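Asks: I am attaching a structure below and will ask some questions about it afterwards.
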Amino acid sequence: MVIALILSGGTGSRLGSVIPKQYIEVEGKPIISYCMETLSGHGGIDGIQIVAEEPWRDSLREYMKTADIQRKFRGFSAPGENRQLSICHGLEDIRSYAGDEGYVLIHDAARPLLSPALISECLKCVIGHDGLMPVLPMKDTVYASTDGVHITALLDRSSIYAGQAPEIFRIGRYYEANRKLLPERIRGIHGSSEPAVLDGMDMVMIPGDERNYKITTQADLERFHRSLQEHRKKTAAEIVREEKNQNG
1498 MVIALILSGG
1508 TGSRLGSVIP
1518 KQYIEVEGKP
1528 IISYCMETLS
1538 GHGGIDGIQI
1548 VAEEPWRDSL
1558 REYMKTADIQ
1568 RKFRGFSAPG
1578 ENRQLSICHG
1588 LEDIRSYAGD
1598 EGYVLIHDAA
1608 RPLLSPALIS
1618 ECLKCVIGHD
1628 GLMPVLPMKD
1638 TVYASTDGVH
1648 ITALLDRSSI
1658 YAGQAPEIFR
1668 IGRYYEANRK
1678 LLPERIRGIH
1688 GSSEPAVLDG
1698 MDMVMIPGDE
1708 RNYKITTQAD
1718 LERFHRSLQE
1728 HRKKTAAEIV
1738 REEKNQNG
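Our numbering runs 1497 ahead of the 1-based position in the sequence shown.
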């Protein structure tokens, strides 16, 4: 069994919006709806759990009438003090109905361009391992600084990668890795895979997707809006070509 855990408890303060970024409407739909549609429609996903604040849950139920195509929603989980504690809450709820033997696929509500192909690759490549993370290679020269002012070292960018989502883990093994960090150490965790790495879980990487970016700033939001417009134009042009071919 594979349960998708969508993290939608953030406030999106860096975007400067009056509402959390995942609920901003783009092309007539809230940002969270895009990944919900993809996860619900994928045959490898058995259920969806969503971390969300109570005031937004009624709105999410409305979104799900069209976004949760296959009716895979299983329940809401309460946000924690930080991202990793939100994941812990989600894990506890998922274990109540899915047990420990399956997988949890963790995705950010603010990454709307998740592709079915990436989900399929994650599910295929995690077999035989404790977990998996899509990554992107570093393109720029990377430096280290211990004080934020002076350059301490030049890092080998060929061995440095930027992590993406979705990340996927064996439910029970990952839950134990997180539990070991409670109650204080988990507050300093910033990435979903960090507890897994700290606990020595067998983690593998696969190539990520440049389009699967996280909407964090206004520039990201504008980029997403442009990508949808370009896709719509491309789709319209393809329909016109097909009609011309059919009409001779």
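Built from N, CA and C at the ideal position, the CB exists for glycine as well. Remember, it's a predicted structure, so these values are computed and weren't measured experimentally.
Rounded to whole angstroms, what's the CA-CA distance from A1549 to G1506? Just pull it up for me.
Replies: Approximately 5 Å, taken between the alpha carbons.
Asks: Can you tell me whether L1651 is buried or exposed? The criterion is at least 16 other CB atoms within 10 Å of its CB, across all chains shown.
Replies: That one is exposed.
Asks: Does the distance from the CB of I1616 to the CB of Q1546 come in under 8 Å?
Replies: No, they are not a contact pair.
Asks: Got a sec? Which residues, its chain only, sit under 7 Å from N1579 by beta carbon, not counting five neighbours each side?
Replies: Hits under 7 Å: R1684.
Asks: Could you compute how far the alpha carbon of R1729 sits from the alpha carbon of A1662?
Replies: Each residue's alpha carbon lies about 25 Å from the other.
Asks: Buried or exposed, going by whether 16 or more other CB atoms sit within 10 Å of the CB of E1707?
Replies: Exposed.
Asks: Considering only C-alpha positions, which residue in the set E1618, E1534, T1713 and G1669 is nearest to P1692?
Replies: Residue G1669 is the option with its Cα nearest to P1692.
Asks: Alpha carbon to alpha carbon, how far is D1699 from G1628?
Replies: Taking the straight line joining both Cα atoms gives about 6 Å.
Asks: Is there contact between the region 1596-1609 and the region 1557-1575, where contact requires at least three CB pairs shorter than 8 Å?
Replies: With the cut-off at 8 Å, the region 1596-1609 and the region 1557-1575 do not touch.
Asks: Go through its chain and collect everything with a Cβ distance to Y1520's Cβ below 6 Å, but skip five positions before and after it.
Replies: Around Y1520: P1527.
Asks: Taking the alpha helix (DSSP H) that R1580 belongs to, which residues open and close that run?
Replies: From DSSP, the alpha helix (DSSP H) with R1580 extends over R1580 to A1595.
Asks: Report the residue from I1542, D1543, S1574 and Y1671 whose alpha carbon sits nearest the alpha carbon of L1557.
Replies: The residue with the shortest Cα to Cα distance from L1557 is S1574.
Asks: Pull up the distance between the alpha-carbon of N1675 and that of C1585, whole angstroms please.
Replies: The straight-line gap from Cα to Cα measures roughly 7 Å.
Asks: Going by DSSP in three states, V1623 sits in which element: helix, strand or coil?
Replies: In the structure shown, V1623 sits in coil (DSSP, three-state: anything other than H, G, I, E or B).
Asks: DSSP state of K1526, grouped into three classes?
Replies: Correct three-state label for K1526: strand.
Asks: For S1530, which residues of its own chain have a beta-carbon under 7 Å away from its beta-carbon, when the five flanking residues on both sides are left out?
Replies: Around S1530: Y1560 and A1564.
Asks: Is it right to say Q1746 is buried, meaning 16 or more other beta carbons lie within 10 angstroms of its own, or is it exposed?
Replies: This structure cannot settle anything about residue 1746, because the visible part of the chain is limited to 1498 through 1745.
Asks: What is the rounded straight-line gap between the Cα of I1657 and the Cα of V1639?
Replies: Rounded to whole angstroms, I1657 to V1639 spans 9 Å at the Cα level.
Asks: DSSP three-state label for Q1546, please.
Replies: If DSSP states are grouped into helix, strand and coil, Q1546 belongs with the strands.
Asks: Run through the DSSP bridge pairs and tell me what I1770 is partnered with.
Replies: No statement about residue 1770 is possible, as the shown extent of the chain runs from 1498 to 1745 and does not include it.
Asks: State yes or no: is the C-beta of C1619 within less than 8 Å of the C-beta of I1703?
Replies: The answer is yes: Cβ separation under 8 Å.
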